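**Student:** What follows is a single structure, and I will ask about it in a moment.
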Amino acid sequence: MKAILKSNSEVGLQFTKDAPEPKIVNPTDVLIRVRATAICGTDLDIYKSDPDLAARMKKVMPVITGHEFCGDVVEIGKAVKRTRVGDFVSAEMHILCGECYNCRTGNGHVCINTIIKGIDADGCFAEYVVVPESNIIKLPADIPVEVAAFMDAIGNAIHTITPIEIASKRVAVLGAGPIGIIGAAAAKLCGASEVLVTDISETLLKMAKENGADKVFNVSTPEGRQSFLDDCRSDSTRKGVDVVIEMSGHPAAYEDLFQCVRMGGEVVLLGLPKRPLTVNFTRDIIFKGLTIHGIIGRRTYDTWFRMIGLMQAGLLPTLKRIVTHRIPLAEFQKGFDVKLKGEGLKVVMDPQ
Ligand SMILES: [Zn+2]
Ligand SMILES: [Zn+2]
Numbered sequence: 004m005k006a007i008l009k010s011n012s013e014v015g016l017q018f019t020k021d022a023p024e025p026k027i028v029n030p031t032d033v034l035i036r037v038r039a040t041a042i043c044g045t046d047l048d049i050y051k052s053d054p055d056l057a058a059r060m061k062k063v064m065p066v067i068t069g070h071e072f073c074g075d076v077v078e079i080g081k082a083v084k085r086t087r088v089g090d091f092v093s094a095e096m097h098i099l100c101g102e103c104y105n106c107r108t109g110n111g112h113v114c115i116n117t118i119i120k121g122i123d124a125d126g127c128f129a130e131y132v133v134v135p136e137s138n139i140i141k142l143p144a145d146i147p148v149e150v151a152a153f154m155d156a157i158g159n160a161i162h163t164i165t166p167i168e169i170a171s172k173r174v175a176v177l178g179a180g181p182i183g184i185i186g187a188a189a190a191k192l193c194g195a196s197e198v199l200v201t202d203i204s205e206t207l208l209k210m211a212k213e214n215g216a217d218k219v220f221n222v223s224t225p226e227g228r229q230s231f232l233d234d235c236r237s238d239s240t241r242k243g244v245d246v247v248i249e250m251s252g253h254p255a256a257y258e259d260l261f262q263c264v265r266m267g268g269e270v271v272l273l274g275l276p277k278r279p280l281t282v283n284f285t286r287d288i289i290f291k292g293l294t295i296h297g298i299i300g301r302r303t304y305d306t307w308f309r310m311i312g313l314m315q316a317g318l319l320p321t322l323k324r325i326v327t328h329r330i331p332l333a334e335f336q337k338g339f340d341v342k343l344k345g346e347g348l349k350v351v352m353d354p355q
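So the numbering used here is basically just the index in the sequence shown, starting at one, shifted up by 3.
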């Protein structure tokens with residue numbers, strides 16, 4: 004079958020027409036024919052051979068990359084109960100052990116034995132993928148294929164607002180990439196009183212404005228950054244926003260986030276800092292009484308149910324607009340070039 008592999012630690016990925024089709028091995032396995040798959044920021048890091056990821060993947064290379072997809076079930080193992088051949092599905096690609104303390108206390112998203120398909124095992128940049136039934140999410144038929152292709156990323160965005168009681172809060176979202184735009188739209192949909200979004204791209208800020216952001220700020224200049232901070236602190240009884248969600252990974256955004264949040268506010272971190280950061284714990288966290296939430300993956304499976312619910316509640320038009328490119332899997336290089344140049348939002352690839 005067609006697939007995209009990471010075969011070595013050099014920069015790039017390899018397309019093949021001859022990858023072996025995956026087979027049902029365990030009785031709880033489900034075989035899915037991939038209809039569409041999407042490129043994620045992590046895939047770009049894999050493409051660039053980020054040292055940590057390359058070292059982790061070396062043990063399993065050559066490995067099929069990709070972890071965002073949707074497709075149709077074509078075969079089920081003997082012990083599969085609620086999934087049927089023909090179901091339109093996506094899947095959580097973090098495979099959890101089910102046995103560790105976190106799994107057994109309802110916190111499987113921080114399973115200590117997580118295996119990520121597309122990194123630690125074969126993923127979905129391919130015509131077929133096998134996933135355990137526990138990880139399968141049946142999708143309503145009215146979710147378009149190109150949106151269902153990136154449920155994983157939508158889940159990241161929804162997970163960032165889940166720990167917060169968002170209704171009536173003033174929220175700043177730093178970074179207007181696909182996840183930032185979805186997070187801002189979802190925060191507004193969930194009742195945030197005001198959503199402020201920052202980025203350095205006018206195109207992305209315009210997009211954020213059209214999808215729920217009340218105010219956008221271009222922080223590419225010192226004046227732009229200052230006007231953002233001034234707006235955040237404009238309420239003299241709060242002197243900062245209630246919630247700040249970091250989606251950019253930019254070191255400057257990490258500086259801004261401690262300045263724009265009010266005392267006693269909440270900080271949600273999803274963007275991965277591009278370099279190690281220095282934080283003044285006393286001034287910026289302890290004396291400010293902040294609550295900090297680190298976000299990994301999606302809560303299993305609370306986040307999945309929430310994202311489907313929010314799509315039905317009005318998030319779908321934003322998600323459709325996020326898809327800027329759709330290409331055949333064989334032309335993956337074009338898609339990666341678009342993302343590496345920072346030109347598109349979501350790039351969806353069709354394997355069939
Ligand atoms: Zn992803
Ligand atoms: Zn576990």
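Don't be surprised by glycine CBs; every beta carbon is placed ideally from N, CA and C.
Because the structure is a prediction, the values reported are computed rather than measured.
Quick check: Ala94 and Thr31, are their CB atoms within less than 7 Å of each other?
**Tutor:** Against a cut-off of 7 Å, the Cβ pair of Thr31 and Ala94 comes out as no contact.
**Student:** If you compare alpha carbons, which of Asp90, Asp125, Thr108 is closest to Lys61?
**Tutor:** When each option's Cα is compared against that of Lys61, the closest is Asp125.
**Student:** Assuming Thr201 is part of the beta strand (DSSP E), what are its boundary residues?
**Tutor:** Run containing Thr201: 197 to 202, per the beta strand (DSSP E) assignment.
**Student:** Put Ile79 into one of helix, strand or coil per three-state DSSP.
**Tutor:** Reduced to three states, the DSSP call for Ile79 is strand.
**Student:** Taking Cβ positions, are Ala170 and Val198 nearer each other than 7 Å?
**Tutor:** Contact flag unset, no.
**Student:** Mark Thr206 as exposed unless 16 or more other C-beta atoms lie within 10 angstroms of its C-beta, in which case mark it buried.
**Tutor:** Its Cβ having fewer than 16 others within 10 Å, Thr206 is exposed.
**Student:** If you scan the region 220 to 276 from start to end, which runs of the alpha helix (DSSP H) of 4 or more residues do you find wholly inside it?
**Tutor:** Taking only runs of at least 4 residues, the alpha helix (DSSP H) segments lying wholly in the region 220 to 276 are 225 to 235, 254 to 263.
**Student:** Comparing alpha-carbon positions, which option in Phe290, Asp287, Leu273, Lys84 lies nearest Thr165?
**Tutor:** Of Phe290, Asp287, Leu273, Lys84, the residue nearest in Cα terms is Leu273.
**Student:** If contacts are defined as beta-carbon pairs under 8 Å, then Glu269 and Thr294 qualify, I think. What distance do you get, rounded to the angstrom?
**Tutor:** Indeed they touch by this definition, with Cβ atoms about 5 Å apart.
**Student:** Within the region 122 to 154, note down every full alpha helix (DSSP H) run reaching 4 residues or more, in order along the chain.
**Tutor:** Entirely contained in the region 122 to 154, the alpha helix (DSSP H) runs reaching 4 residues are, in chain order, 148 to 151.
**Student:** Exposed or buried, Glu249, counting other C-beta atoms within 10 Å across all chains shown (16 or more means buried)?
**Tutor:** Per the 10 Å Cβ criterion, buried.
**Student:** Quick one: measure Cβ to Cβ for Val222 and Arg173, integer angstroms, because I've assumed they're closer than 8 Å.
**Tutor:** Contact doesn't hold; Cβ gap of about 18 Å is too wide.
**Student:** Below 6 Å, is the gap between the Cβ of Leu280 and the nearest heavy atom of ligand 2?
**Tutor:** Checking the Cβ of Leu280 against ligand 2 gives no.
**Student:** Among residues of its own chain, excluding the 5 on either side of Leu192, which ones have a beta-carbon nearer than 8 Å to its beta-carbon?
**Tutor:** The residues are Gly215, Leu313, Ala316, Gly317, Leu318.
**Student:** Can you give me the Cβ contacts of Thr306 inside the same chain, cut-off strictly under 7 Å, excluding the 5 residues immediately before and after it?
**Tutor:** Gly158, Ile161, His162, Thr165.
**Student:** Taking Ala22 and Glu71 to be in contact with their CB atoms under 8 Å, please state how far apart those CB atoms are, rounded to whole angstroms.
**Tutor:** Wrong, their Cβ atoms sit about 18 Å apart, outside the cutoff.
**Student:** Between Val33, Gly101, Phe290, Leu343, which lies nearest to Ser134 when the distance is taken from Cα to Cα?
**Tutor:** Per the sequence shown, the amino acid found at residue 134 is Val instead of Ser. Residue Val33 is the option with its Cα nearest to Val134.
**Student:** Is it buried or exposed for Leu332, if we count other Cβ within 10 angstroms and need 16 for buried?
**Tutor:** That one is buried.
**Student:** Give a single yes or no on whether Asn110 has its beta carbon closer than 6 Å to a heavy atom of ligand 2.
**Tutor:** Answer for Asn110: no, Cβ out of range of ligand 2.
**Student:** In whole angstroms, what is the alpha-carbon distance linking Asn105 and Ile35?
**Tutor:** If I take the Cα positions, the gap works out to 28 Å.
**Student:** Determine contact between the region 102 to 121 and the region 50 to 58, defined as no fewer than three beta-carbon pairs at a distance below 8 Å.
**Tutor:** Output reads no: the region 50 to 58 does not touch the region 102 to 121.
**Student:** When you compare each of Leu177, Asp287, Pro279, Ile311 to Val247 by their alpha carbons, which one comes out closest?
**Tutor:** Among Leu177, Asp287, Pro279, Ile311, the Cα nearest to that of Val247 is on Leu177.
**Student:** Would DSSP call Ile288 helix, strand or coil?
**Tutor:** Of the three classes helix, strand and coil, the one that applies to Ile288 here is helix, per DSSP.
**Student:** Considering only residues of the same chain and omitting the five flanking positions on each side of Ala189, which have a CB-CB separation below 7 Å?
**Tutor:** Correct list, in chain order: Ala160, Ile161, Ile164, Leu313, Leu318.
**Student:** Any heavy atom of ligand 4 closer than 6 Å to the Cβ of Asn116?
**Tutor:** As far as ligands go, the structure on display features ligand 1 and ligand 2 and does not contain ligand 4.
**Student:** Indicate whether Leu47 and Lys277 have their beta-carbon atoms separated by less than 7 Å.
**Tutor:** Not a contact, by the Cβ cut-off of 7 Å.
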